[in-house]
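Take UniProt numbering: the final residue in the sequence shown is number 146, and no numbers are missing along the way.
Virtual Cβ for every residue (Gly too), placed ideally from N, Cα, C.
Computed from a prediction, not measured in an experiment: that's the story for all the values here.
Notes to accompany the following structure.
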Amino acid sequence: MVSVATYVDNDRKTSLAPLPCYVYLTEHPFLKYATTRSIARYPVGKEFPPCAIEVYKIMEKVDYPRNESGEIVAIIHPKLQDQDWKPLQPGDPVFLTLDGKTIPLGGDCTVYPVFVNEAAYYEKKEAFAKTTKVTINAKSIRSSLH
């Protein structure tokens, strides 16, 4: 994310980001020390065993339903609002048209919606993104200085 403005005041770095609602991001200087201490807990040569990690992979970005003029004609259904990362089944309500009709999720598999109804994505024509769960098998690793 690119900051519009950044300033330092009383040991705080504050950035104004290009988001609606003027979100303030504050970085405490002691955060870097906490990170360093965290890393230092694992001495050089420590081995971490193989493990399985569950991640979410974006399958598709879904736009709002629009008319011929490109205007949005439906909103996120109330049952989907604030349900990021939760399973969404085919047939579950996704959009609610301005005249009260429900538009269900199509397809034939469970998806996990993310970035649902995020204001910053309106201009990108993204109502939400469909993701799927993927398991990644990580090999063992050994910490080193290189």
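Here Tyr112 carries a strand assignment [DSSP, helix/strand/coil]. Close CB contacts of Thr131 within its chain, under the 7 Å cut and outside five residues either way in sequence, are with Tyr56, Lys57, Ile58, Met59, Val111, Tyr112, Val114 (chain order).
Rounded to whole angstroms, the Cβ separation of Ser144 and Glu47 is 11 Å, and the two are not in contact under 8 Å. For Ala129, the uninterrupted beta strand (DSSP E) segment begins and ends at 128-138. One Cα belongs to Ala74, the other to Leu88, and the distance between them is close to 18 Å. Nearest Cα to Phe128 within the set Gly45, Gly70, Ser69, Trp85: Trp85. Checking the DSSP bridge columns, you'll see Arg66 partnered with Ile72. In this structure, the beta-carbon distance from Val62 to His77 does not fall below 8 Å.
In the DSSP assignment, Val94 falls within the beta strand (DSSP E) that extends over 93-97.
Excluding its 5 nearest sequence neighbours in each direction, Thr102 has C-beta neighbours in its own chain below 7 Å: His77, Pro93, Leu96, listed in chain order. Rounded to the nearest whole angstrom, the C-alpha separation of Ala120 and Leu98 is 22 Å. Counting only residues of its own chain and dropping the five nearest sequence neighbours on each side, Thr135 has a CB closer than 6 Å to the CB of Ala52, Glu54. Closest in C-alpha terms to Gln81, from the list Asn137, Gly106, Glu68, Glu118, comes Glu118. Annotation for Pro104: the continuous beta strand (DSSP E) segment containing it runs 102-104.
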